[in-house]
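Notes follow once the structure below has been shown.
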Amino acid sequence: MKSKYKFLVASALSASCLMYGVANAADKPEVIPGWQNAVPDGKDTPLHDPMILYSSGGVDGKMAIIGIPSFKTYRHLDCGVDTHEISFGGSNKGNKNGTPDGKYVYLNDKGANTICEFDIQTGYLARIIALPFPFGVHHIAMSTDGKNIFATGEYSGKMAKVDIKSGKTEVIDWGPSPSAPDYIDATRNGKYVFAGNYYHSTVGVFSTSPFKLIKEIPVGKNPHGTDINPESTMVVVSDKLSATMTVIDVDKLAVKKVIPTCAGPLHSVMDVYNKDGGSYRAGIDSPDGLTSKYVYESCFVADANVKVSYAKLEVVDEIPTHYRTGHISISPDNSYVMSLNKFSTGLFSPTGIIFPVNFEMWDAREKSPTYGKTLRIMPVDGEPHNAKGLMAYLVKDWTKGQAEKGGLIDKRVDLLDPPHRALSKRYFIPKETTPPGVKVVGGVKEIHMKAFSYGYIPRQVRVNKGDKVRLFATNIDKAAGITKNPDVTMGLTIYGPYGQRSNMDLPRGVTAVHEFTADIAGEYEIFCTHFCGPLHLEMRAAFFVDDPKKGPSNLAVGDYAEAQKMPGLLEEGQLTIAERAKGL
Amino acid sequence: MKNAKLKIGLIAISSLGMVWGSSSAFAAEKELRCKAGGVKVECPTISEADAKKAAANFLKEADDMGEGKGGSTYGIAPFDYLTGVGKRADSDTKTYKTSSGYALNEKQTHAANKTELWDRVKKPSSDGVSDKSVYDQWTNNWSPKFGETKVAGADPNHGKTYYYSYCIACHGWLMHGDGPNAAELNPRPRTLTRGEYMQKKTNLELFRVIKGGGEAVSLSSSMPNWGNVLQDQDIWDIVAFIRAMQDVPPPKSVEEYLNPKSTFKPIKGDVDAMTASKSKDFKEMNEEVESDMTGRSPGSELVGGGYVDGGNRKKPTEVAVKVK
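Protein chains in written order, with this note's numbering: chain R, 1 to 584; chain P, 585 to 908.
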């Protein structure tokens with residue numbers, strides 16, 4: 001603990017130099033705008049990145065580490081099947097980046113129903129927390145004391161509170177069906193958890209202890225992002241189909257204002273300032289008394305980010321993005337907004353049948369001559385969900401022997417590979433025209449599925465435990481429905497024990513085939529892993545594996561204890577089985 | 585009118601068949617289209633040619649978009665060859681050496697805070713801009729509005745929003761069964777405006793096919809069950825929208841598009857959103873459809889058929905539009 005403290009002080013000193021540079025850039029007009037990472041002396045000297053972005057790779061199952069502002073990718077770390085939300089260990093105080101303590105970063109895997117824990121200092125995957133089934137984790141949020149992770153169970157209508165240390169998990173139902181809790185955030189005073197539910201079109205308010213639903217607040221149609229400001233006074237909700245931002249008053253637990261923002265709003269991120277009005281530096285500044293001026297909302301259909309003033313509660317600016325922004329992220333120093341775009345139609349060179357999505361960084365510094373302009377745009381791997389940044393001083397340089405002096409590791413550290421590989425055969429065939437449905441061919445259950453904007457045909461598939469399954473999936477879209485992007489790619493993954501076995505991209509013009517044995521009974525949702533359009537989340541189907549001895553599977557009937565263990569895929573002891581607990 | 589269109593389509597296709605010398609191909613196709621689960625059903629009115637034409641039109645808009653023509657109004661800003669993104673503004677289109685549109689030009693003392701795409705996301709009529717097409721389309725401001733309902737306790741204005749989100753890809757913008765995916769489906773999606781067919785279908789049957797999918801009524805398995813996605817009240821709202829669009833032809837004017845005239849006459853003894861809770865038939869049907877639906881956990885809070893206040897959803901008794 002003591003050595004950690006020293007490290008922070010030392011890095012605070014060096015960081016303040018860097019921070020001075022960053023702050024300076026904000027005040028003085030930059031001579032060289034744009035694509036070169038240049039210093040004002042004009043020598044084009046490369047800079048160390050003062051900030052680092054941890055990006056959830058989505059369907060590639062990895063986490064990318066990217067420099068800000070260079071926008072250069074440093075490395076990729078494996079997690080699993082379809083990763084979603086980044087959350088730094090430490091505390092959630094501040095904005096969406098929280099207050100990282102520099103030890104761990106958490107990443108939830110929607111495909112495998114797990115949470116990956118990465119050691120920030122070693123840069124390795126350290127632990128996998130396997131959540132109880134049935135659940136279907138969509139998103140996670142760190143608690144204020146850093147001891148718990150709150151999670152939404154999109155594919156079961158459940159909510160969870162995970163004790164990070166032990167992995168013990170409290171799971172509660174959020175009915176009635178259909179119920180799909182998706183985006184979640186926790187207040188910075190440890191009191192409440194807010195989560196959107198796109199089937200209910202509400203935001204649920206949960207007390208953290210005891211963990212239970214207090215009330216549901218009606219919002220616009222099919223809400224998406226649910227984000228809390230650093231002061232914990234307001235929750236902003238992106239009402240996807242209603243094109244509004246609903247602002248919830250945390251004290252009154254009621255709607256404060258509904259602001260028309262843009263077509264297809266999805267997510268929000270806000271800036272954060274310390275008590276003195278400077279940008280908030282985790283580990284240096286006090287995490288108390290933090291404030292925020294603007295919240296930036298991504299607009300999928302309008303191809304834009306809008307800037308909303310917290311003081312006025314109205315749209316004050318709008319920035320075009322390229323194209324179809326999904327998540328949105330902000331650099332820890334509030335200088336840059338990263339628009340995580342889902343389509344790059346026409347922007348890059350093709351490198352395969354799936355066109356890369358992109359990250360676009362625009363200048364959010366109001367005094368900069370390049371304010372509101374795109375500074376960088378980069379193609380990225382996978383289909384990134386969220387990304388969050390921390391100040392680079394939180395990651396120590398261990399590469400030149402510093403680890404010999406101690407402080408890096410003090411116990412055995414397992415080097416994990418993602419546990420859910422193989423046990424299936426996957427391949428592409430030319431686009432088939434077989435009608436949708438299930439038939440038995442040579443003892444194998446052949447399932448022919450069509451994917452369209454936004455759904456699967458058939459919507460429900462039943463097989464028996466032990467069946468050999470050959471699943472044919474075909475994207476029948478000509479272009480994404482509603483938004484008409486011609487380069488639309490779909491995906492198909494059955495979450496949980498079948499995650500990696502079924503994880504397939506569905507580009508136009510081919511049929512993806514998965515072969516595997518349905519050996520674990522239960523109800524597992526099928527979902528789309530490529531953000532194909534505004535109703536991508538609603539694009540779901542269900543895969544039932546019925547055990548004839550137990551009768552038809554549902555959320556109460558299935559081999560759910562088996563599903564959690566992922567048998568044969570991981571050595572004993574490397575997986576934290578998140579045991580179901582009552583009242584943590 | 586629809587029949588005339590159908591006839592032309594059929595003649596066109598069958599004459600093509602004769603040219604190819606294999607009219608049996610058409611017969612086989614017709615056979616497929618007019619059967620579901622081996623049972624003969626009413627043939628959808630949309631012809632093969634119509635379905636393909638609709639898909640081609642849709643594709644053209646998408647391709648224009650890919651080339652940056654932006655014909656659909658959805659999205660693509662002119663491409664900047666200098667920076668690789670964004671608008672080109674006043675740069676030299678031959679050399680691309682001048683202002684990229686991001687830097688200052690001579691007249692500006694400060695880079696423009698507002699962009700040319702601003703109008704696309706503003707609240708309609710708040711700033712007098714004329715092109716609000718994306719926002720309007722997304723919020724369905726520019727679409728039929730209904731001051732009355734044909735289904736008591738259900739609001740066609742809300743049903744319309746869900747229709748445009750979930751149903752449009754197959755059933756099409758004007759509900760003529762010619763959505764962009766229609767050409768891929770066999771049998772084709774139903775033409776939902778066609779009175780001589782729809783007038784015979786009860787609300788209960790429509791509710792059942794939306795909630796439980798085509799298989800729940802022994803029709804095409806291509807129609808998914810929406811009970812996993814929509815609450816009962818949402819489904820009633822969609823039923824009300826379908827009823828409000830009966831026999832509405834392709835509009836000849838904006839006026840006609842915004843004010844559709846339905847021919848639907850309520851069917852005697854039928855259930856509606858207001859009477860569903862007391863109807864034995866509805867209860868029986870709903871239980872049957874719900875029995876193997878996803879997301880259910882018997883004996884817990886996760887059971888279906890509930891009502892949650894959200895997304896401007898209203899209880900049947902509180903729905904503002906009434907039957908006239």
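We treat Cβ as the ideally placed atom computed from N, Cα and C, and that holds for glycine.
For chain P, the residues of the region 548 to 563 of chain R that bring a beta carbon within less than 8 Å of one of its beta carbons are P552, N554, L555, A556, in chain order.
Using a 10 angstroms sphere on the CB of K439 of chain R, the tally of other CB atoms stays under 16, which defines it as exposed.
With respect to S349 of chain R, E297 of chain R sits apart: the two C-beta atoms are not nearer than 9 Å.
Residue-level contact check: P69 of chain R does not touch chain P, since none of the beta carbons of chain P fall below 9 Å from its beta carbon. For A64 of chain R, none of the residues of chain P pass the 9 Å Cβ criterion, the least Cβ distance being about 20 Å.
Contact between V235 of chain R and I214 of chain R does not hold, since the beta-carbon distance rounds to 13 Å and is not under 8 Å. Looking at the DSSP output, P379 of chain R shares a beta bridge with R:N358. Within the model, the alpha-carbon separation for P430 of chain R versus V510 of chain R is close to 5 Å. Residues of the same chain with a CB within less than 7 Å of the CB of T246 of chain R, apart from the 5 flanking positions on each side, are V219, G220, V237, D239, V255, V258 in chain order. Cβ-Cβ separation between Y427 of chain R and V513 of chain R: approximately 5 Å, consistent with a contact (criterion under 8 Å).
With respect to A112 of chain R, G80 of chain R sits close: the two C-beta atoms are nearer than 9 Å.
Per DSSP, V801 of chain P lies in no alpha helix (DSSP H) segment and is marked neither H nor E. The continuous stretches of beta strand (DSSP E) do not include K168 of chain R, and DSSP gives it neither H nor E.
Residue burial is scored here from C-beta neighbours: D816 of chain P has at least 16 other C-beta atoms within 10 angstroms and is therefore classed as buried.
As DSSP reads the structure, P181 of chain R sits in a beta bridge with R:N197. Chain-order list of chain R residues neighbouring D893 of chain P: T202, E216, P218, by C-beta distance under 8 Å.
Taking a Cβ-Cβ threshold of 7 Å, the residues of chain P close to G437 of chain R are S805, in chain order. Residue state for K468 of chain R is assigned as strand, using DSSP reduced to three classes. Counted as a single uninterrupted DSSP element, the alpha helix (DSSP H) harbouring T745 of chain P occupies residues 740 to 746. Shown here, I259 of chain R sits in a strand according to DSSP, grouped into three states. Contacts with chain R at 9 Å (Cβ-Cβ) include D876 of chain P. According to DSSP, residue pairing for N108 of chain R in a beta bridge involves R:I115. Y323 of chain R counts as buried, since no fewer than 16 other beta carbons sit within 10 angstroms of its beta carbon. Beyond the five residues adjoining it in sequence on each side, P379 of chain R comes within less than 7 Å, by CB distance, of S344, F348, P356, N358 in the same chain, given in chain order.
By the 16-neighbour rule on beta-carbons within 10 angstroms, H267 of chain R is buried.
Listed in chain order, the positions of the region 222 to 239 of chain R with a beta carbon within less than 9 Å of a beta carbon of chain P are N222, P223, D239. The three-state secondary structure of M142 of chain R, taken from DSSP, is strand. Taking the CA atoms as reference points, G153 of chain R sits about 24 Å from F300 of chain R. E297 of chain R: member of the beta strand (DSSP E) spanning 294 to 299, first to last residue. With a threshold of 16 other beta carbon atoms within 10 Å, G196 of chain R meets it and is buried. For A800 of chain P, the closest alpha carbon among the candidates P:C751, P:Q830, P:G731, P:V873 is that of P:V873.
Three or more pairs of CB atoms, one per stretch, sit closer than 8 Å, so the region 817 to 830 of chain P contacts the region 737 to 757 of chain P. Within chain P, no C-beta atom comes less than 8 Å from the C-beta of K445 of chain R; the nearest is roughly 16 Å away. Chain R places no beta carbon closer than 9 Å to that of P740 of chain P, leaving this residue out of the contacts. Chain R has a Cβ within less than 9 Å of the Cβ of V813 of chain P. Listed along the chain, the chain P residues whose CB falls inside 7 Å of the CB of R459 of chain R are G797, P808, N809, N812.
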